[in-house]
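Residue numbers (our numbering), protein chains in the order written: chain G, 4 to 339; chain E, -5 to 398. Ideal Cβ positions, reconstructed from N, Cα and C, are used throughout, including at glycine. Please read all numbers here as calculations on a predicted model, not as lab measurements.
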């Protein structure tokens, strides 16, 4: 009846932790995010997937993993029985099929979320099935308290964001600080920026944008012999953390992750904009509406970056900076 | 029924099913709103089943009591076949089919007066309703048993857990996990009220002193080590019981519908048992899953059961209960303060069953009679059942204007 391959678990291993993903059809982002972190932790863990295509894909990519596939609740029972030392199950996402494991009383059930759990807007009563919720920062705990009248038995643990650790490290060892990063999705901004960039001739300009005008802007910058680089992904910005001077963004590109870069953030807001939604509190951001204003703002911030403390505060609140730095996730997982 | 036996015994059905399977597959709709749910109609309660075929039994169990409450309620099903069945049998009720989260969202967005959702079982798709934080989510179950499925961590997602009696609350307390905040409310077993009323007379005096034995088996389980069924030796036991009873007696049986699911040697168990009854001239019948167990309990005064919810149901039958406890297997149970051995005559072999049966039924030494009365209150919630507590609780929510 059981439709599960437990061959790998027949190795004489002492699996105590299992990562469970019930995400459908090759949604592997969550798994790919946690696998290197768990591997770094040196704990003995297995991975249980509930989608066959995902199982095959992960298996070919990570042949040495203790990888399992279980289709039905019966298969899940087989998997659990095959791991007599199993103590803790980690859930990156809150899926319907999680119920098949959550009914095991003797296991500890920990929701660990995903890279983007900060965006988690759908907190509901079903999260009370877990024993613990591991969050990156206090901001997520506050979201739980707002969404649920009572969090009951739930234990929250702040573990930081292990994937940002390298970025934080880079900011502690600042190098040349000659790089300005631009993240934008506004067609008008490049024209405003060009004048500013020309003035910052000694700086390196790295740009991430999907706008059509970006290629023209880069051509113009190169013609003017300005050091320029186009990023493929917005996340590539983290590799330049040690050299960054500041970031220039449009409102839609503002994200909590920018705080990890620990540099002033300038937000382009068109004149007469009345309200806008930002992913960060306004009190940790600088605003400008044209190249002239940006020039003078950049000059004054260079002399006195008065929002630095605010950014530091929100970096802790949204990203759990100190917990990331202290490797709290690794300590917690080892103590399981 | 295997394909071969279907072909031999019911050729018409065999070919009908074959044609249906081959040519009859229609694309399944994702939602179906038969009664055109009115946005402004004040449905207060929602009864949800996320099950497949099992959902029918669960709905049949609860719908009559929801109707009795007089509170406006709606039924939401997640399986199209179940929807078609329920729609046919309860055409006076608002019944909606919604397959996924999107369809559920659309429906709940229209039910502005809704206050509470009721769940007879734990299914993954309950999650789609649990996403609505402003509603009260109430687990009502579909029976009461000592199986570990009765008390586990997933129950914590609900706001309230409506239980039959104190036993179920104690199972949670003994399960060894933190369930603080989950409110347990005792509501009795409304479906057993009629049975309790019909079996008030002492079991020895009912049916003019003759024995009406009811056999309720479980199935052989997913794993061999969880196989608690007595079906393997029940015919041998019946033969010996017949020798003991001599005079007027009736033996009815309702085997678990899944008997033979894992162990194919048990295939067509009901048919084999029926044949056994005929060959041994036993006055009785073998009933299928469609017959409500409480109807059979009402007509019986001695019970032979396996470990499952039917043990507590049989308590309502007010007669001795014999329960098979296999000796060679570890039995994982969610324990309450009363074990089977406290109110049932437990046995682990045919000889032990016959010995106890002779003493209790034939010789009349029913020494657990008082304990059964105690268990009736503790497990079934006798007082709450007779008081109509379930319907009263529904009315409380339906008539309350604030948050439940």
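Three-state class that DSSP yields for residue i in the structure shown
{"i": "residue 89 of chain E", "result": "strand"}
{"i": "residue 230 of chain G", "result": "strand"}
{"i": "residue 5 of chain G", "result": "Residue placement at residue 5 of chain G cannot be trusted, given a pLDDT of 42 that sits under 50; what the coordinates show is reported in the next sentence. Residue 5 of chain G: coil per DSSP, three-state reduction."}
{"i": "residue 152 of chain E", "result": "coil"}
{"i": "residue 320 of chain G", "result": "helix"}
{"i": "residue 223 of chain E", "result": "coil"}
{"i": "residue 239 of chain E", "result": "helix"}
{"i": "residue 69 of chain G", "result": "strand"}
{"i": "residue 25 of chain E", "result": "strand"}
{"i": "residue 46 of chain G", "result": "coil"}
{"i": "residue 59 of chain E", "result": "helix"}
{"i": "residue 113 of chain G", "result": "strand"}
{"i": "residue 197 of chain E", "result": "coil"}
Beta-carbon proximity check, residue i vs residue j, cutoff 8 Å
{"i": "residue 51 of chain E", "j": "residue 76 of chain E", "result": "no"}
{"i": "residue 53 of chain G", "j": "residue 174 of chain E", "result": "no"}
{"i": "residue 285 of chain E", "j": "residue 250 of chain E", "result": "no"}
{"i": "residue 250 of chain G", "j": "residue 268 of chain G", "result": "yes"}
{"i": "residue 180 of chain E", "j": "residue 160 of chain E", "result": "yes"}
{"i": "residue 347 of chain E", "j": "residue 297 of chain E", "result": "no"}
{"i": "residue 302 of chain E", "j": "residue 168 of chain E", "result": "no"}
{"i": "residue 122 of chain E", "j": "residue 98 of chain E", "result": "yes"}
{"i": "residue 106 of chain G", "j": "residue 148 of chain E", "result": "yes"}
{"i": "residue 339 of chain G", "j": "residue 90 of chain G", "result": "yes"}
{"i": "residue 188 of chain G", "j": "residue 276 of chain G", "result": "no"}
{"i": "residue 165 of chain G", "j": "residue 40 of chain G", "result": "yes"}
{"i": "residue 336 of chain E", "j": "residue 365 of chain E", "result": "yes"}
{"i": "residue 246 of chain G", "j": "residue 178 of chain G", "result": "yes"}
{"i": "residue 185 of chain G", "j": "residue 210 of chain G", "result": "yes"}
{"i": "residue 314 of chain E", "j": "residue 342 of chain E", "result": "no"}
{"i": "residue -1 of chain E", "j": "residue 262 of chain E", "result": "yes"}
Heavy atom of the ligand SAH within 7 Å of residue i beta-carbon
{"i": "residue 345 of chain E", "result": "Only the bare structure without any ligand can be found here, which leaves the ligand SAH out of the picture."}
Classification of residue i by the beta-carbon crowding that lies within 10 angstroms, buried from 16 upward
{"i": "residue 22 of chain G", "result": "buried"}
{"i": "residue 47 of chain G", "result": "exposed"}
{"i": "residue 387 of chain E", "result": "buried"}
{"i": "residue 87 of chain G", "result": "exposed"}
{"i": "residue 329 of chain G", "result": "exposed"}
{"i": "residue 69 of chain G", "result": "buried"}
{"i": "residue 100 of chain G", "result": "buried"}
{"i": "residue 72 of chain E", "result": "buried"}
{"i": "residue 4 of chain E", "result": "exposed"}
{"i": "residue 383 of chain E", "result": "buried"}
{"i": "residue 402 of chain E", "result": "Outside the displayed span of chain E (-5 to 398) sits residue 402 of chain E, for which this structure offers no information."}
{"i": "residue 67 of chain G", "result": "exposed"}
{"i": "residue 266 of chain G", "result": "buried"}
{"i": "residue 191 of chain E", "result": "exposed"}
{"i": "residue 94 of chain G", "result": "buried"}
{"i": "residue 307 of chain E", "result": "buried"}
{"i": "residue 323 of chain G", "result": "buried"}
{"i": "residue 279 of chain G", "result": "exposed"}
{"i": "residue 269 of chain E", "result": "exposed"}
{"i": "residue 270 of chain G", "result": "buried"}
{"i": "residue 158 of chain G", "result": "exposed"}
Identity of the residue in the options nearest residue i by Cα
{"i": "residue 57 of chain E", "options": "E:47, E:80, E:160", "result": "E:80"}
{"i": "residue 150 of chain E", "options": "E:36, E:133, E:157, E:386", "result": "E:133"}
{"i": "residue 50 of chain G", "options": "G:75, G:19, G:76", "result": "G:19"}
{"i": "residue 36 of chain E", "options": "E:321, E:190, E:88", "result": "E:88"}
{"i": "residue 130 of chain G", "options": "G:102, G:309, G:253", "result": "G:102"}
{"i": "residue 195 of chain E", "options": "E:64, E:359, E:93, E:310", "result": "E:310"}
{"i": "residue 305 of chain E", "options": "E:9, E:321, E:288", "result": "E:288"}
{"i": "residue 25 of chain E", "options": "E:96, E:368, E:334", "result": "E:96"}
{"i": "residue 168 of chain G", "options": "G:114, G:297, G:242", "result": "G:242"}
{"i": "residue 304 of chain G", "options": "G:324, G:248, G:38", "result": "G:248"}
{"i": "residue 295 of chain G", "options": "G:197, G:83, G:236", "result": "G:197"}
{"i": "residue 183 of chain G", "options": "G:173, G:25, G:205, G:163", "result": "G:205"}
{"i": "residue 109 of chain E", "options": "E:93, E:118, E:129", "result": "E:129"}
Segment contact, 8 Å Cβ cut-off, at least three pairs: the stretch 258 to 269 of chain G with the stretch 189 to 208 of chain G: no
Given 8 Å, three or more beta-carbon pairs between the stretch 233 to 245 of chain E and the stretch 192 to 206 of chain E: yes
Within 8 Å, do at least three Cβ pairs link the stretch 224 to 235 of chain G to the stretch 122 to 140 of chain G? no
With contact counted as at least three CB pairs below 8 Å, one residue from each stretch, are the stretch 373 to 380 of chain E and the stretch 178 to 193 of chain E in contact? yes
Please confirm if the stretch 273 to 281 of chain E is in contact with the stretch 229 to 238 of chain E, defined as three or more CB-CB distances below 8 Å between the two stretches. yes
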